[in-house]
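**Q** Chains A and B, in that order, give the protein sequences.
Per this note's numbering: the first sequence = residues 80 to 449.
Per this note's numbering: the second sequence = residues 5 to 256.
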Amino acid sequence: MSMNVATLGTDRARRLRAALTALLAVAAVVGAPFYFAPFQVFQLTMVLLYAVALAGLNLLVGFGGQISLGHGAFFAAGAYTAAVMLDRYDTGHLATLPVAAAGCFLLGLGFGVPALRLRGLYLALVTLSFAVFLPPLLKRLEPVTGGSMGLTVDKLQPPAWSGLAEDQWMYFVVLAVATVALLLARNLLRSRVGRALLAVRDNESAAEVMGVRLSLHKTLAFAWSAMFAGVAGCVYTWVIGFVSPDSFSFVLSITLLAGLVVGGLASLYGPLLGAAFVMYVPSVAQDISEAAPGVVFGLLIIAVMFVAPTGLAGLAGRVRGVITPLLTRTKPSAAVRTPESEPPSAPPAPAETAPADAEPVGAPPRTEKE
Amino acid sequence: MLAVDGISVRFGGITALDGVAFSVEPGTAVGLIGPNGAGKTTLFNCLTRRCTPDAGTVRFEDEDLLALPPHSVAGRGIARTFQNLGLFPRLTVRENVMVGAHNRGRAGHLAAALRLPRVRREERELRDQADELLRRLGLADVADHPASGLPFGTLKRVELARALAVRPRLLLLDEPVNGLSHGEVDEFADLVRAVRDDFDLTLVVVEHHMGFVMGLCDKVVCLDFGRKIAEGPPEEIQRDPAVIEAYLGVAA
């Protein structure tokens, strides 16, 4: 019983700590654009923007167990949708967002259909081909896309009433978009359809026996995922004010996937950490070695995966997993007790009583069938 | 309730099932026994549409089961467990059970993303129902534990809980006590009997543990090399010479 009371106590403390952390985080996030220099605010804006794309990729790869090496192309599709609308039709910035979102959703739905029959490397290859073929296509469609020269459009301007500088206003707009996107993703995952998605990832045949319609959930996962990437692309156009085919080479797709894996697959805040990695580490690499920043970037990825194989998001859990047993070595862990109905002959299996968070949150998706 | 008639399944040159026929009356428990490779699991897979027979019919309450898409089977009131556990290892025990209730939920993708009030309500109901089942099966303590790294006997019960969450009328158990210790087998048998009464279930059980099968089932069907070699009450089956030769063996 005392064990239970102790758990309740720590539970309340943990909740309080979580609330405090959240409050501090909100204060930091809102205060940031007033504290940092415009260029740093711009960098933060880009982190938020990449986080939206990575959250989408996470739905597909981390939670859905599928793979995409073509998310840069969905990102580009969203960016070009916004750019073309602003350039040719002079619609307002806001009007581009739903169009880019809907367009990429449909595009993703279309890609979800071949994904039903392909898995693992084959799916990776098909999606990669999309990323490889889009930039040349954009160059060819010169009348609409501006060809290799790209399109220059107006950046998002702060309205007079806000009294904010351009970088600050953009930061807050992107913050709002990112918040909504992350909330949508979280809601999705904490529901019947989210569980269905996870069930399909963990054991496809068992999920189907439980009544999960595989084709529906797998294609919709692709569609949501593409939509998030498209929204990120659209917002990219607002922030940068310039799109060109070379900004969206297939390297972008691979960078996004690498960012997600580094940040933490199947973790709710992994995309944020991954986005920060994608944004800051290349410039850090540039500082370390001007000659070969790519090499440093690659080595840093290797280093992160070596220290935190479940991604940066899993690092805290791993550290706790190492430290907790050291602290509580004297008393048995209360995380799991074998139920009373267990026969006395069965040993309590001490090896199985490791705390739940030692379980890797973002273990790489398994693509083989059970 | 369930009528299997003349189903045959061939994998390349191997005939896994050859014209098997039997029926299951409502409220009864039917045992499927036979040596390894006799086609018992293949038969189960036909009943849950994981495998389409080359010939024959399967009717469940006068509906052609083979005409249904695989995901609709659960909605008709058929649930199963798997031979070597078919749990979702990275979901918690509670989430596993809630996936069992998938076909009873209504929330679509859009409603779920917006977390509309009805989605909240549904989530709360499904969660309460799952917790109730977990309590019933003595799993409340592990509800938040991932469904991996728990003792095998516990996982077997989790899988039973998940199958019950489907609210089945027909429950298919594929080797439910395989891998359990002697004490656990008796306990699991009691549990199955209890939930069978509580939930008004019809059972089909594949199992090698003769004590479990003979104690639970009203009728036993014995398969060998894809053919039905005997069918009848447990006492008769135990005395049937064909069954003894193919499966039970004679004392030396």
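Glycine is no exception: its CB is placed at the ideal position from the N, C-alpha and C atoms.
1) Going by Cα to Cα distance, which pick from B:V28, B:A167 and B:V62 is closest to A286 of chain A?
2) Does the beta-carbon distance from V97 of chain B to V146 of chain B come in below 8 Å?
3) What do you reckon, are the CB atoms on L139 of chain A and F301 of chain A nearer than 8 Å?
4) Where DSSP assigns a beta bridge to P150 of chain B, which residues make up the other side?
5) Taking C-beta pairs closer than 7 Å, name the residues in chain B that D281 of chain A reaches, listed in chain order.
6) Please tell me whether F92 of chain B and L277 of chain A are closer than 8 Å, where the distance is taken between their beta carbons.
7) Name, in chain order, the residues that DSSP records as bridge partners for G35 of chain B.
8) If you scan the region 70-137 of chain B from start to end, which runs of the alpha helix (DSSP H) of 4 or more residues do you find wholly inside it?
9) Would you say F86 of chain B faces chain A, with C-beta separation under 8 Å as the test?
10) Strictly under 8 Å for the Cβ-Cβ distance: is L95 of chain A near chain B by that measure?
11) Rounding to the nearest angstrom, what Cα-Cα distance links L336 of chain A and T45 of chain B in this structure?
12) Could you tell me whether the Cβ of T52 of chain B comes closer than 8 Å to any Cβ of chain A?
13) For the beta strand (DSSP E) containing L21 of chain B, name the first residue and the last one.
14) Report yes or no: do the region 148-163 of chain A and the region 250-264 of chain A share at least 3 C-beta pairs separated by less than 8 Å?
15) M164 of chain A: buried (16+ other C-beta within 10 angstroms of its C-beta) or exposed?
16) In this structure, what does DSSP give as the bridge partners for L6 of chain B?
17) Just verifying my parser: in three-state terms, what is the DSSP assignment at L254 of chain A?
18) Let me know the secondary structure DSSP gives T231 of chain A once reduced to three states.
19) Any residues in the region 109-123 of chain B with a beta carbon nearer than 9 Å to a beta carbon of chain E? Which ones, in chain order?
20) Which chain A residues are close to H75 of chain B, counting only those with a beta carbon under 8 Å from its beta carbon?
21) Just curious, the alpha helix (DSSP H) that A370 of chain A is in, first and last residue?
22) With burial defined as no fewer than 16 other Cβ atoms inside 10 Å of the residue's Cβ, what is the status of V192 of chain A: buried or exposed?
23) Please list, in chain order, the chain A residues whose beta carbon lies closer than 7 Å to that of A78 of chain B.
24) I need the DSSP call for A425 of chain A, collapsed to helix, strand or coil.
25) If the criterion is Cβ atoms closer than 8 Å, does the pair A181 of chain A and C313 of chain A meet it?
26) What do you reckon, are the CB atoms on V13 of chain B and K232 of chain B nearer than 8 Å?
27) Which residue or residues does DSSP assign as beta-bridge partners of K458 of chain A?
28) Buried or exposed: where does H296 of chain A fall if 16 or more other Cβ atoms within 10 Å of its Cβ makes it buried?
29) To the nearest angstrom, how far is the alpha carbon of R96 of chain A from that of Y348 of chain A?
30) In terms of DSSP beta bridges, what is F15 of chain B paired with?
31) Which ranges does the beta strand (DSSP E) cover as unbroken runs of at least 3 residues, wholly within the region 164-197 of chain B, from first to last along the chain?
32) To the nearest angstrom, report how far apart Q242 of chain B and G41 of chain B are at their CA atoms.
33) Would you call the region 119-136 of chain B and the region 99-110 of chain B touching, i.e. three or more CB-CB distances under 8 Å?
34) By how many angstroms is the C-alpha of L254 of chain A removed from the C-alpha of L127 of chain A?
35) Shorter than 8 Å from the beta carbon of V272 of chain A to some beta carbon of chain B?
36) Can you tell me the Cα-Cα spacing of V247 of chain B and A194 of chain A, whole angstroms?
**A** Well, looking at it:
1) Numbered from its first residue, the first sequence carries residue 286 of chain A at position 207. Per the Cα distances, B:A167.
2) Taking the second sequence and counting its residues from 1, one reaches residue 97 of chain B at position 93. Taking the second sequence and counting its residues from 1, one reaches residue 146 of chain B at position 142. Yes, the pair counts as a contact, with Cβ atoms nearer than the cut-off.
3) Working through the first sequence from its first residue, we reach residue 139 of chain A at position 60. Working through the first sequence from its first residue, we reach residue 301 of chain A at position 222. Yes.
4) Taking the first residue of the second sequence as 1, we reach residue 150 of chain B at position 146. B:T96.
5) Numbered from its first residue, the first sequence carries residue 281 of chain A at position 202. Correct list: F92, P93, R94 and L95.
6) Numbered from 1 along the second sequence, position 88 holds the residue referred to as residue 92 of chain B. Numbered from 1 along the first sequence, position 198 holds the residue referred to as residue 277 of chain A. In this structure, L277 of chain A lies closer than 8 Å to F92 of chain B by Cβ.
7) As a position in the second sequence, residue 35 of chain B is number 31, starting the count at 1. In the DSSP output, where bridge partners are listed per residue, G35 of chain B has B:V209 and B:V224.
8) 97-104 and 113-118
9) As a first step, residue 86 of chain B is located in the second sequence; it is residue number 82 there, counting from the start. Judged by the 8 Å Cβ criterion, F86 of chain B is in contact with chain A.
10) Position 16 of the first sequence holds residue 95 of chain A. False, the Cβ-Cβ gap to chain B never drops below 8 Å.
11) For the purposes of this step, residue 336 of chain A is identified with residue 257 of the first sequence, where counting begins at 1. For the purposes of this step, residue 45 of chain B is identified with residue 41 of the second sequence, where counting begins at 1. Looking at the two C-alpha atoms, the distance is approximately 40 Å.
12) For the purposes of this step, residue 52 of chain B is taken as residue 48 along the second sequence, with counting starting at 1. It does; some Cβ of chain A falls within 8 Å.
13) Counting from 1 along the second sequence, the entry for residue 21 of chain B is found at position 17. Per DSSP, L21 of chain B belongs to the beta strand (DSSP E) from I18 to V28.
14) no
15) As a first step, residue 164 of chain A must be located in the first sequence, where it is residue number 85. Result: buried.
16) Start at 1 with the first residue of the second sequence, and residue 6 of chain B comes out as number 2. BP columns for L6 of chain B point to B:V28 and B:F64.
17) Start at 1 with the first residue of the first sequence, and residue 254 of chain A comes out as number 175. Looking at L254 of chain A - three-state DSSP - the assignment turns out to be helix.
18) By 1-based counting over the first sequence, the position of residue 231 of chain A is 152. Note: T231 of chain A maps to strand in three-state DSSP.
19) Judged by its chain identifiers, the structure shown contains no chain E, and its protein chains are A and B.
20) In the second sequence, the residue the question calls residue 75 of chain B occupies position 71. Simply E287, G290, V291, R292 and L293.
21) Translated into positions along the first sequence, residue 370 of chain A becomes position 291. No alpha helix (DSSP H) contains A370 of chain A, which DSSP labels as neither H nor E.
22) Residue numbering aside, residue 192 of chain A sits at position 113 when the first sequence is read from its first letter. Looking at its Cβ environment, which holds fewer than 16 other Cβ atoms inside 10 Å, V192 of chain A is exposed.
23) Position 74 of the second sequence, counted from the start, is the residue given in the question as residue 78 of chain B. In chain order: V288, M289 and G290.
24) Position 346 of the first sequence, counting from 1, holds the residue named residue 425 of chain A. Any answer about A425 of chain A is weak, because its pLDDT of 39 lies below 50 and its placement is not dependable; what the coordinates show is given next. If DSSP states are grouped into helix, strand and coil, A425 of chain A belongs with coil.
25) Position 102 of the first sequence, counting from 1, holds the residue named residue 181 of chain A. Position 234 of the first sequence, counting from 1, holds the residue named residue 313 of chain A. Going by C-beta atoms, A181 of chain A is not nearer than 8 Å to C313 of chain A.
26) As a first step, residue 13 of chain B must be located in the second sequence, where it is residue number 9. As a first step, residue 232 of chain B must be located in the second sequence, where it is residue number 228. Not a contact, by the Cβ cut-off of 8 Å.
27) With chain A running from 80 to 449 in the structure shown, residue 458 of chain A is simply not present.
28) Taking the first sequence and counting its residues from 1, the one referred to as residue 296 of chain A is at position 217. Buried.
29) As a first step, residue 96 of chain A is located in the first sequence; it is residue number 17 there, counting from the start. As a first step, residue 348 of chain A is located in the first sequence; it is residue number 269 there, counting from the start. Rounded to whole angstroms, R96 of chain A to Y348 of chain A spans 17 Å at the Cα level.
30) By one-based count along the second sequence, residue 15 of chain B stands at place 11. For F15 of chain B, which the question treats as bridged, DSSP gives the partners B:I18.
31) 174-178
32) Counting from one through the second sequence, the residue named residue 242 of chain B turns up at place 238. Counting from one through the second sequence, the residue named residue 41 of chain B turns up at place 37. Distance between the alpha carbons of Q242 of chain B and G41 of chain B is about 20 Å.
33) yes
34) The residue you call residue 127 of chain A lines up with position 48 of the first sequence. The residue you call residue 254 of chain A lines up with position 175 of the first sequence. Those two C-alpha atoms are separated by around 6 Å.
35) Mapped onto the first sequence, residue 272 of chain A falls at position 193. Cβ-Cβ to chain B under 8 Å: yes for V272 of chain A.
36) On the second sequence, residue 247 of chain B is found 243 positions in, with the first residue counted as 1. On the first sequence, residue 194 of chain A is found 115 positions in, with the first residue counted as 1. Their backbone Cα atoms lie some 47 Å apart in a straight line.
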